[in-house]
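**Student:**
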Amino acid sequence: MGRGLAMLFEYETPKLVQISNLKIGVAHRIIQLIILIYVVCWVLMYEKAYQYNDEAKCAVTTKVKGVGFTDAENIPGIGKRSWDIADYIIPPLENNAFFVATNLIVTPKQKLGKCAEHIHVPGTSCASDNDCNPKEIVHIGNGVHTGHCLLEPGKPEGVCEIHSWCPLENDSLPLGPKTYMFPMVQNYTLLIKNDITFEKFGVHRRNILPWSSKRFLRSCTYDKNHEEYKYCPIFKLSTIFEEAGVDPSIFIWGGVIGIDIQWDCDLDWDVKYCNPIYSFSRLDDANAKIASGFNFRYANFYYSNGTLHRDLIKAYGIRFIIHAHGKAGKFNIIPLTMNIGSGLALLGLVSSNNLRHYCAQYTPFKKNLSKSQI
Amino acid sequence: MGRGLAMLFEYETPKLVQISNLKIGVAHRIIQLIILIYVVCWVLMYEKAYQYNDEAKCAVTTKVKGVGFTDAENIPGIGKRSWDIADYIIPPLENNAFFVATNLIVTPKQKLGKCAEHIHVPGTSCASDNDCNPKEIVHIGNGVHTGHCLLEPGKPEGVCEIHSWCPLENDSLPLGPKTYMFPMVQNYTLLIKNDITFEKFGVHRRNILPWSSKRFLRSCTYDKNHEEYKYCPIFKLSTIFEEAGVDPSIFIWGGVIGIDIQWDCDLDWDVKYCNPIYSFSRLDDANAKIASGFNFRYANFYYSNGTLHRDLIKAYGIRFIIHAHGKAGKFNIIPLTMNIGSGLALLGLVSSNNLRHYCAQYTPFKKNLSKSQI
Amino acid sequence: MGRGLAMLFEYETPKLVQISNLKIGVAHRIIQLIILIYVVCWVLMYEKAYQYNDEAKCAVTTKVKGVGFTDAENIPGIGKRSWDIADYIIPPLENNAFFVATNLIVTPKQKLGKCAEHIHVPGTSCASDNDCNPKEIVHIGNGVHTGHCLLEPGKPEGVCEIHSWCPLENDSLPLGPKTYMFPMVQNYTLLIKNDITFEKFGVHRRNILPWSSKRFLRSCTYDKNHEEYKYCPIFKLSTIFEEAGVDPSIFIWGGVIGIDIQWDCDLDWDVKYCNPIYSFSRLDDANAKIASGFNFRYANFYYSNGTLHRDLIKAYGIRFIIHAHGKAGKFNIIPLTMNIGSGLALLGLVSSNNLRHYCAQYTPFKKNLSKSQI
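Residue numbers (the numbering used here), protein chains in the order written: chain A, 1 to 374; chain B, 375 to 748; chain C, 749 to 1122.
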């Protein structure tokens, strides 16, 4: 063996002294124990650091079922009628979200033309045409001033005329601020179809579990405390409202509810244990004093006698936002090695001379030792 | 130099012995080599730990092109007609998603009124008005009981009358469960415009690459095996179907296809190498025995003779969900230093006394050494 | 104490020599200082490694206000009329996105039938019926060939007849490529309601801050340089356009603007400091030479004289995509301990023998020392 090669396999090691000092010895072992517990319990067992991980690719589709009914004949633009999902789910299709109308202000058969602006719009009262600038747009108004002042006979003050969809919307709840149109929303059901794929592991799961039969799907409704029904993909909206803890005002003024579907899968176990957990929460502020609730306006356009008309609808209701997410882990030798390796490194750090280093300042130990060091 | 200052620059170092032990020496060098390989190959080269990273901000817009045609005169509510994107893309605009109808059940000219419930709805058969409770809502029914029982002359059993949109929808595929309306969906094309921005690095890229000419855009279609066409932003739907591996039933009953656009950019190279990779997969479970497919209902509302009507459409088709994501890395001295630093630390941990510590128990080495320790 | 137990508390420590070497001592202290600075400044202060973190659960709803007006009488299908949000926000409801139309091509009162294909569609010019294959679909055409060639008297060349929605759309901007229909889009306002929840810490915040009064909400508009108005949830679109740095062509040809709402909350401070920061940027490529802008087509369907009609609308405009995200941190003893622990470990690594190891090769120190090692 040449000298160069020999040097390659030479190595250095410190001279050691073996010491029996109870205090430091105990501290030494305790710290080793803590690290061992940390590595074994936290890193390996709790964080499952011996696993490779993957995020789920999720697809969610939903379908609401249920029949609504309004029987107050006097609701303007609505009347006594039945409502199905093509009526109250607006728009019919969204990505990870849907909206269920619970209260409507319908302004039917509007057509483009000229009419009087609402009196409460600022800058709209007038005494003569001079007060109404043609083409002026009041930001929170409903249209563009024509330049005319509409005076009623015998009154000194009138309102400016506007180009707009006439008649204007009467922006107040037809049933008043204490009740809402569709109490049957509680009975509607929601079917969620959620497919997830863990591409790294080639695992595909859906929230309609393989053991579900057609009969199960027809009869079940989600119940988080039931052994089987907690995996039923059909939810009564009343259950969702209850679990999200909403108060009844959400049906009157609208609101936002989050549906969370969580898949937390340990694929070292059978894939049948890889199941969704549902949770529900109100996302907007139920107690907000201003700008609370949720509503939006849309219109259905059509022609009548050759003229463009629209039905304007202001819809109050519940916006559901679905958030499906999942992660999976599976045993793999690489993360295991790395984590045990760094655990050993931590232990090594303590076991050798570092502990002494930190402890030395607090014990008379250094001085005793120094004799043998010289 | 005062004594205090001198102490500041004093330091301690362990006494070392230089040992030539082939076994341990070899183990020592092998472990050092493994760490070196790990640091250089894995950390620096594979994980590019010398780079700062950024996530892309993505914007996706899509446009489908293609003409559909139904020539079976007998399809109720449809007939012989041509279909363009304003007909078969529903709703017209979504965020990172779109829907292409392939099969439709159209129930035209429904109006609000009273008619007989479907006979298969449970609890709807009756012998007299007493069997039909007014205002009762059967959950999977189509409306609200009026309280009347509609009896056909000569038959003992009738059906309850309901408030509903009449005539009721006939929920069966007009062309039967073996075929679908729009075989030409295969020829439709999809233009995806995807802009990404790496804000940290001030880099903006789009999937219509800068070298694309108008002529290229007009003539190209995506082909993952072609040098240039793999960067063509126009996709024949048939290519997508093929790569996602869908079976023909998806066109009959609907389904969900994911379009994945991945940007993995190493900005240490020229930005022209920062290009998208497309992949396609079916997201819902093609083999599901229950609740498979994808469909939803929507309606077009209009007035006819002053009465509200609607065309109810149950649309089966393909829901595309687009997921664009990107990350970029660029050399930066800070992560390089930190990673080389921790690499050196790892090496140091091994080279010094720890190896001996772990090895000691398996070799006669400790005892030999112990003489010099005393 | 038995021998076994005694061994448990025995430990080994290397023999040390205390050396006063200015060069190495200084290097030693400098490296210790660097690690200390790194741990204290970077890990603890900048990265706040003493905190537990949580990601926000976000819900965003938006409402646009403003009146549009077109007074050019000659715009086909439009004319002199006023536009409100039910007209120009399409579709009325989206998740984290909305679209504001700024330029429209309206093709009113189309009905299904037969008409001549556009002359510029390739393969559509014909001399006789033989040139037009029945049921042929030209991909970028508007319908399906009927098989007839429509010849004008006295001309040798005609165009193929197609099944389609007739009359065909005239795909050119009615006001020309230099101007757009709704300059008043600048005056529209956008109300964003953004609720966030940090579930781990039980903290709920909304972008309408608790100190906001009704009066504040009615009068304020967002201004990033104003102490109070930078928390106003109402944005003039002109402010957004300005901050996103868009050029006027976005109003003519459309484009995509990103609205970013960032919550970066240190919950060790009062929750009132947990406030949103808004930023705006154009997401698509404003300078793209091809395929720039944003538009889509949709249709309103209705019956006229018992025949299905539609108004086809090609809408150019601005697509807003909202991205709300937040993270919060709060002091917790566990991450603090772990980070100080690993900081100490790093220090220990340097303080002991590793430094010597790296330095040894560059100093004459090893040889001097070797005497005392033997």
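Note that CB positions come from ideal geometry on N, CA and C, so glycine has one too.
So is A/F331 buried or exposed if we call it buried at 16+ other beta carbons inside 10 Å?
**Tutor:** exposed
**Student:** Taking only beta-carbon atoms, is B/G632 less than 8 Å away from chain A?
**Tutor:** yes
**Student:** Taking all protein chains shown into account, decide if A/D195 is buried (16 or more other Cβ within 10 angstroms of its Cβ) or exposed.
**Tutor:** Buried is the label assigned to A/D195, since at least 16 other Cβ atoms lie within 10 Å of its Cβ.
**Student:** With 8 Å set as the bound, which would you pick, yes or no: does the beta-carbon of C/P922 sit closer than that to a beta-carbon of chain B?
**Tutor:** no
**Student:** Pairing CB atoms from the region 920-934 of chain C with CB atoms from the region 896-911 of chain C, are three or more of them under 8 Å?
**Tutor:** Counting Cβ pairs under 8 Å, fewer than three are found: no touch.
**Student:** Which class does B/E573 belong to by DSSP, given the choice of helix, strand or coil?
**Tutor:** coil
**Student:** In this structure, how does DSSP classify C/N1101 when only helix, strand and coil are distinguished?
**Tutor:** Low per-residue confidence applies at C/N1101: pLDDT is 45, beneath 50, and the placement is therefore not dependable, though the value from the model is reported in the following sentence. Helix, per DSSP.
**Student:** Who does B/E535 pair with in a DSSP beta bridge?
**Tutor:** B/A490
**Student:** Closest Cβ-Cβ distance between C/T1111 and chain B: below 8 Å?
**Tutor:** A caution first: C/T1111 carries a pLDDT of 39, below 50, which makes its placement in the model unreliable, though a value can still be read off. So, not an interface residue.
**Student:** Can you tell me whether DSSP reads C/H776 as helix, strand or coil?
**Tutor:** Here C/H776 sits in helix by DSSP.
**Student:** Residues of chain B with CB under 8 Å from A/D195, in chain order?
**Tutor:** V630, L657, D658, D659
**Student:** Using a beta-carbon distance below 8 Å, is A/T239 in contact with chain B?
**Tutor:** So no, A/T239 is outside the interface.
**Student:** Spatial neighbours of C/T945 within its chain, please: CB distance less than 6 Å, with the 5 preceding and 5 following residues excluded, ordered by chain position.
**Tutor:** K805, H952
**Student:** Taking only runs of the beta strand (DSSP E) that begin and end inside the region 502-553 of chain B, which ones reach a length of at least 3 residues, in chain order?
**Tutor:** 518-524, 532-540
**Student:** Tell me which residues of the region 516-543 of chain B have at least one Cβ-Cβ distance to chain A shorter than 8 Å, keeping chain order.
**Tutor:** Sequence-ordered contacts of the region 516-543 of chain B with chain A read N516, G517, V518, I536, H537, S538, W539 [C-beta pairs closer than 8 Å].
**Student:** One question on the structure: do C/K1062 and C/I853 come within less than 8 Å of each other, judged by their Cβ atoms?
**Tutor:** yes
**Student:** I need the DSSP call for A/L191, collapsed to helix, strand or coil.
**Tutor:** Strand.
**Student:** Among C/D1032, C/N1048, C/L1031, C/R954, whose alpha-carbon lies nearest the alpha-carbon of C/G825?
**Tutor:** C/N1048
**Student:** Of the residues B/S502, B/D658, B/T481, which one's Cα is nearest the Cα of B/P527?
**Tutor:** B/S502
**Student:** Just confirm the distance between the C-beta atoms of C/L1031 and C/I1069, as a whole number of angstroms; I'd bet it's less than 8 Å.
**Tutor:** 7 Å
**Student:** Looking at C-alpha atoms only, which residue of B/N661, B/G703, B/E601, B/D461 is the closest neighbour of B/W627?
**Tutor:** Residue B/N661 holds the alpha-carbon nearest to the alpha-carbon of B/W627 among B/N661, B/G703, B/E601, B/D461.
**Student:** Three or more C-beta pairs closer than 8 Å, one from the region 111-121 of chain A and one from the region 134-142 of chain A: is that the case here?
**Tutor:** As far as the Cβ criterion goes, the region 111-121 of chain A touches the region 134-142 of chain A, which means the pair count is three or higher.
**Student:** Quick check for students: name the residue ranges of the alpha helix (DSSP H) that lie wholly in the region 607-655 of chain B, counting only runs of 4 or more.
**Tutor:** 611-618, 623-627
**Student:** Can you find the residues in the same chain that come closer than 8 Å, C-beta to C-beta, to B/A471, ignoring five residues on each side of it along the sequence?
**Tutor:** R693, F694, I695, I696
**Student:** Tell me which residues share the same chain as B/N713 and place their Cβ nearer than 6 Å to its Cβ, disregarding the 5 neighbours each side in the sequence.
**Tutor:** V417, A423
**Student:** Whole-angstrom Cβ separation of C/S912 and B/S456, contact assumed at under 8 Å?
**Tutor:** Confirmed, Cβ separation roughly 5 Å.
**Student:** Any beta carbon of chain B sitting closer than 8 Å to that of C/L1060?
**Tutor:** C/L1060 counts as touching chain B.
**Student:** Restricting to Cα atoms, I'd like to know which of A/A27, A/Q18, A/P156, A/A328 is closest to A/D270.
**Tutor:** A/A328
**Student:** When the cut-off is 8 Å and only beta carbons count, does A/H118 lie next to chain C?
**Tutor:** no
**Student:** Could you check what DSSP says for C/A1047 in three-state terms: helix, strand or coil?
**Tutor:** C/A1047 falls in the strand class under three-state DSSP.
**Student:** Specify, as a first and last residue, the run of the beta strand (DSSP E) that A/S82 falls within.
**Tutor:** 81-83
**Student:** What separation, rounded to the nearest whole angstrom, lies between the Cα atoms of A/L312 and A/R297?
**Tutor:** For A/L312 and A/R297, the gap between their C-alpha atoms comes out near 7 Å.
**Student:** What whole-angstrom Cβ distance do B/V434 and B/I566 have, given they're in contact under 8 Å?
**Tutor:** 7 Å
**Student:** Report back the beta-carbon spacing between B/N469 and C/E842 to the nearest angstrom; my notes put them in contact at under 8 Å.
**Tutor:** 6 Å
**Student:** Return the residue from the list C/S960, C/K883, C/D879, C/I1081 that minimises the CA-CA distance to C/P904.
**Tutor:** C/D879
**Student:** Per the DSSP calculation, A/E55 is bridged to which residue(s)?
**Tutor:** A/K327
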